[in-house]
Amino acid sequence: MRWRRRIRSWGPAVLLISPSLVALAIFVYGFIGWNVRVSFTSWRGLRPTYDFVGWQNYRNLMHDERFRLDVRNLLVFTVAFIVGSLLLGLFMALLLDKGVRGEGFFRTVYLLPMAISFIATAIIWRWLLDNGTGESTAGINKVLANLGLGFLRSDWHKSTSKLAIAAVALPAGWALAGYVMSLFLAGLRGVPEELREAARVDGANEPRVYWHVVRPMLLPVFMSGLVILTHISLKTFDLLFAIAPGDLRVDTPALYIYHTVFRGGFYARGATIATLLLLTVALVIVPYIWYSVRSERKR
Amino acid sequence: MTDTNSLQEAPAASGGRQPVGIRLEGVTKRFRGGVVAADAIDLEVRPGEFMALVGPSGCGKSTVLRLIAGLEEATDGRIYIGDREVTYRLPQERDVAMVFQSYALYPRMSVRRNLGFGLRMRRTRRDERDRRVHEVADILGLEHLLDRRPSALSGGQRQRVAMGRAIVREPQAFLMDEPLSNLDAKLRVSMRSQLSLLHQRLGTTTVYVTHDQVEAMTLGQRVAVLRDGVLQQCDTPQRLFHEPVNLFVAAFIGSPSMNFVKATVEGGTVRFADVRVPLPKGSPLASADRRVILGVRPTGFSAGTGNGRPEITLRPEIVEELGDERYVIFDIDAPRVDTDATRAAVDAETADDALLVPDERARITVRLPGDVPVSIGEPLTLSIAPDKLYFFDPETGSAL
Amino acid sequence: MSTVGTPAPPAPAPAAGVAAPDQRRQRRPRGRRSQVLTFARYLALFALACFFLMPVYALLLTALKDPGQVSVVRMWELPDRFSLASFRAVWPELKDGFVNSTTMAVPASIISSLLGAANGFVLSKWRFPGADFVFPLILFGMFIPYQAVLIPMFYSLSRAGLTHDLRGLILAHIIYGLPITTLIFRSYFAGISDELIEAAKVDGAGMLRTFFFVALPIAPPAFAVALIWQFTSAWNDFLFGVLLAQRTEDWPITVALNNIAGGQTVPFNEAMASALLACVPTVVVYILLGRFFMRGLMAGALKG
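Protein chains in written order, with our numbering: chain A, 1 to 299; chain B, 1001 to 1400; chain C, 2001 to 2304.
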């Protein structure tokens, strides 16, 4: 009897959610498993091959020149992107925290890039990051020159430096700094005004209030932002794909997968890179999910 | 304020249904993590009775209500509504109506649709539904609000809609979970009498949960006192007041609460501080020789002296003036009674939670009529009525 | 608001975009120092606004210029006269893309929002054993790099013949949109009181009826968030589009855009004009409906 009641109680609920669960079980977990399986094969070309070659693909990858370049690029890009976005986002949030006239206008402008697809962003910024010289200076370089900051001129992502990809952190940061700003703004405004007032009454000036009272309470927001940005950075494809098509200077594992599978037919290799990418993302995301679900339960 | 004069003269809407009783047999609710919210509760609500469930926070009263409603599943025991066993029935199937503390009105529905929702779910016909909704709206003074949304109503109006939603369904029982707690004090008092009137008119069996013992005592035909999931006593308000079955009930019921002091009984007298009170004739403790906890209500003292009753002289420390009566508070040279039971009765968690400035001596509150001259520090002599004394075992807390 | 080809998670953090300016207005004494600081602050805000709008400015200018006037070097110069020639040139190639993207994004966002609403409701309000276990599993789906499922997805959908029209693409967007819509609705419904659902239960409503009569009527703010997010995400997606729409006539607008403007030798003005056109719907949605999105966020969508 007890079980009849229980089933009648939550049976309908389980039924309602099951199509989604089934779909996700297949499309997320099933496919991930399939992908891992492929990474253990030697599939090359249009016809799938499901043999088993053990860790060979992974080993080959370690020695693959392009892959190593990609990983290096990805690291550079990630660091530049995260640092830039966090700093800029935090700065904008601090500017807006106390409330300004036209806050709505500013927020709309700062968040506007989030409505634009990365392809369009890439196309626009490709021209902005033009690296012409002298008479053919254009884009940002030209603005800098006109502002008297000509010494800041750069070849951006077409430079010969190994850090060339860091230039792409500029459009990426442009696109996401607004989002980081919202995160920090919500965090800043989540600090009860009473805490700040108590500090002021105790004699602290504004910078001190920020440092001692507000900053410690920003940690969760900061971690949240860090995790999200990292995982976005690892996944970035559209932007890099369109900003300098085929250019190895901005190649990353995510792009390599696309090129090697859909232009080269090296399915197994692509699956291998994808698995590694997934593991890296999981490393960051799983603790984050676990932590946020657990802290929600405590509430 | 129209809110308080809402109940009009109107015939009962009960439609002639016979009231049914509710029975809980050995009902236990154990939550995951081991918390026992209800412990082997045996409770019987007679048909048509208004039963109040009262106790400090966390005592399980809301849990018991939710068990009756079916919102919680009983770990053990059986629940009967009328003749039907409903232990394993879902709330939808139990034909009870519930009034929540927060009212839980459906925000996007008009008052009319809020009232009619339960009937719609039971597939009552449209015309019958409308008739009943109008009838109830009439009784509760809501006719002019029928097309408004809950957000456009005042607190008192919302409360009435919550009640109306329950009434319109003509259920076998009303279950109310602190429905008056969100109203402010004066409104609460007037709504109390309205609730009483409503119950008289409708005659539906009602179970009413509250943490306020005054509310429980004034509204309930019988009151069930709970503590930590265990039913302490279930009796009429009179008997709870005059014949508490243990220390907790004695401390919980009555405001201001009963005074307690540690005393000894020997040779037919009870002794505490420097007071000796002979036990009344026929007292079960007449031949006892033991320590006890003595309880006296603030009304157990009187100002008249020299009438043969034992007397006590004291120096008032605090006098609280209330117009035609006053509370005189003083300390006596006897140890303060501080047990789990007395602490639980006032929702205190630790020994000094209830005191702003901790003290070791027992503190007595006496209620006197306003015309007795009292001043702080001046000695005052009062007499004690021996038949208004209560005795409790210091270990178990049960009445002797 | 997707800018990555895949939905950029809005982050289960305190509601992004909290607006609380009024209680923050400080009444500080108008000292000289504070005036200077305020001025500096506005200056910084405006400078940043310029930074954020600069690409938009370049975009607009180039797209509206006479093709003859266009050159990368003269990007920043105002046009002598306004011309729609660039638009006219690229429109024929983008037209299909528009239709395709709309056909794909609208149903996908509606369906995944509806399913997300059901899921979110069940997970937050109608407990069943394992609900707390299932939710993180769903959530993880939002964060995976799509490259990790790319090969199987491409392979299975093309074998099933779903890549010869838009069906495969729509299906992919619906399914991979489920985690985020579920998150949105779950956070939102978690914010409404349990007693409301209990009242419906006692009133006699089962799960489905509670969902339709009690939960859905109060869900519009969450729908605003979910629909806008999903629409933007689907419209702006590129990766799925390039893989799951095999025929040229099925290409969503991002793919068409990349095709026009992605080459190395491409007329600069056409590239800019097509980028502008491709952005119009999402930017319009953002500007016109953005406040509903904000309101939804503040009402509790995405707080978990």
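Glycine included, every Cβ here is placed at the ideal spot set by N, Cα and C. Predicted model only: the values in this text are computed from it and were never measured.
Length of the line joining the Cα atoms of residue i and residue j
| i | j | result |
| --- | --- | --- |
| C/F2231 | C/D2237 | 10 Å |
| C/P2055 | A/Y110 | 12 Å |
| B/R1023 | B/L1231 | 14 Å |
| B/R1113 | B/V1161 | 11 Å |
| A/V28 | C/S2112 | 16 Å |
| C/R2247 | C/P2079 | 38 Å |
| A/L90 | C/V2284 | 27 Å |
| A/P192 | C/M2294 | 21 Å |
| B/P1280 | B/E1266 | 13 Å |
| C/L2244 | C/N2258 | 15 Å |
| B/L1389 | B/R1188 | 33 Å |
| A/D51 | A/N35 | 14 Å |
| B/F1248 | B/G1033 | 27 Å |
| C/F2121 | C/L2196 | 13 Å |
| A/A167 | C/A2261 | 20 Å |
| B/V1214 | C/R2186 | 41 Å |
Close beta carbons around residue i, own chain, < 7 Å, minus the five adjacent residues each side
| i | result |
| --- | --- |
| A/V284 | V227, T230, H231 |
| A/T49 | T41, S42, W43 |
| A/I123 | A242 |
| A/L149 | none |
| B/S1110 | L1146, D1147, R1148, R1149 |
| B/E1025 | D1042, G1077, R1078 |
| C/V2099 | none |
| B/R1326 | V1319, E1320, L1368, G1370, V1374 |
Sequence-distant residues of the same chain with beta carbon closer than 6 Å to residue i, five excluded per side
| i | result |
| --- | --- |
| B/D1333 | A1273 |
| A/F266 | R44, T260 |
| B/A1362 | V1261, I1332, A1334, R1336 |
| C/V2134 | none |
| A/D70 | D251, T252, P253, Y256 |
| C/Q2023 | In this predicted model, C/Q2023 has a pLDDT of only 45, less than 50, meaning its place in the structure is not dependable enough to derive any value. |
| C/V2255 | G2241, V2242 |
| A/G187 | L218, V221 |
| B/L1115 | V1133, G1164, R1165, V1168 |
| B/T1075 | T1028, K1029, R1030 |
Bounding residues of the beta strand (DSSP E) (the contiguous stretch that carries residue i)
| i | result |
| --- | --- |
| B/F1272 | 1269 to 1272 |
| C/R2081 | No beta strand (DSSP E) holds C/R2081; DSSP gives it neither H nor E. |
| B/E1178 | Per DSSP, B/E1178 belongs to no beta strand (DSSP E) and is neither H nor E. |
| B/Q1092 | Run containing B/Q1092: none; DSSP gives neither H nor E here. |
| B/K1029 | 1022 to 1030 |
| B/C1059 | No beta strand (DSSP E) holds B/C1059; DSSP gives it neither H nor E. |
| C/K2065 | Here C/K2065 belongs to no beta strand (DSSP E), and DSSP marks it neither H nor E. |
| B/Y1106 | Segment: none, B/Y1106 is in no beta strand (DSSP E) and carries neither H nor E. |
Close Cβ partners of residue i (< 8 Å) along its chain, the five nearest in sequence each way excluded
| i | result |
| --- | --- |
| B/N1307 | S1383 |
| C/P2021 | With a pLDDT of 43 at C/P2021, under the threshold of 50, the predicted position of this residue should be treated as unreliable, though the coordinate-derived value follows. Nothing listed; no residue qualifies. |
Inter-residue CB distance, residue i and residue j (contact presumed, cutoff 8 Å)
| i | j | result |
| --- | --- | --- |
| A/L234 | C/P2145 | 6 Å |
| B/A1224 | B/M1051 | 6 Å |
| A/T272 | A/N57 | 4 Å |
Extent of the continuous alpha helix (DSSP H) to which residue i belongs
| i | result |
| --- | --- |
| B/R1227 | Taken as a continuous stretch (DSSP letters only), B/R1227 belongs to no alpha helix (DSSP H), being part of the beta strand (DSSP E) at 1222 to 1227. |
| B/D1289 | Taken as a continuous stretch (DSSP letters only), B/D1289 belongs to no alpha helix (DSSP H), as it is neither H nor E. |
| B/G1077 | It is not in any alpha helix (DSSP H) - B/G1077 instead sits in the beta strand (DSSP E) that spans 1076 to 1081. |
| C/I2253 | 2253 to 2261 |
| B/N1114 | 1111 to 1121 |
| C/P2136 | 2131 to 2143 |
| A/R189 | 169 to 189 |
Proximal residues, the region 1083 to 1112 of chain B versus chain A, C-beta separation under 8 Å: Correct list: T1087, Y1088, R1089, L1090.
Short-range partners of chain B found in the region 2193 to 2220 of chain C, where Cβ spacing is below 8 Å: Considering only beta carbons, the part of the region 2193 to 2220 of chain C lying closer than 8 Å to chain B consists of S2193, E2195, L2196, E2198, A2199, A2200, K2201, V2202, D2203, G2204, A2205, G2206, R2209, F2213, V2214, P2217, I2218, in chain order.
Members of the region 1117 to 1133 of chain B near chain C, C-beta cut-off 7 Å: Per Cβ criterion, the list reads F1117, G1118, M1121, R1122.
For the region 3 to 25 of chain A, enumerate the residues whose C-beta is nearer than 8 Å to any C-beta of chain B, in chain order. Here the close residues are R4, R5, R6, R8, S9.
Check each residue of the region 1063 to 1083 of chain B: if its Cβ is closer than 9 Å to any Cβ of chain C, include it; give the result in chain order. Contact residues of the region 1063 to 1083 of chain B toward chain C are R1066, A1069, G1070, L1071 (C-beta to C-beta distance below 9 Å).
Please list the residues of the region 140 to 173 of chain A that have a C-beta atom closer than 9 Å to any C-beta atom in chain C, keeping them in chain order. The region 140 to 173 of chain A vs chain C, Cβ under 9 Å: I140, K142, V143, N146, P171, A172.
Just by C-beta distance, which residues in the region 246 to 274 of chain A are closer than 9 Å to chain C? Per Cβ criterion, the list reads G246, P253, A254, I257, Y258, V261, F262, Y267, G270, A271, I273, A274.
Proximal residues, the region 2052 to 2063 of chain C versus chain A, C-beta separation under 9 Å: Legend: CB atoms of the region 2052 to 2063 of chain C lying less than 9 Å from CB atoms of chain A belong to residues F2052, L2053, M2054, P2055, V2056, A2058, L2059, T2062.
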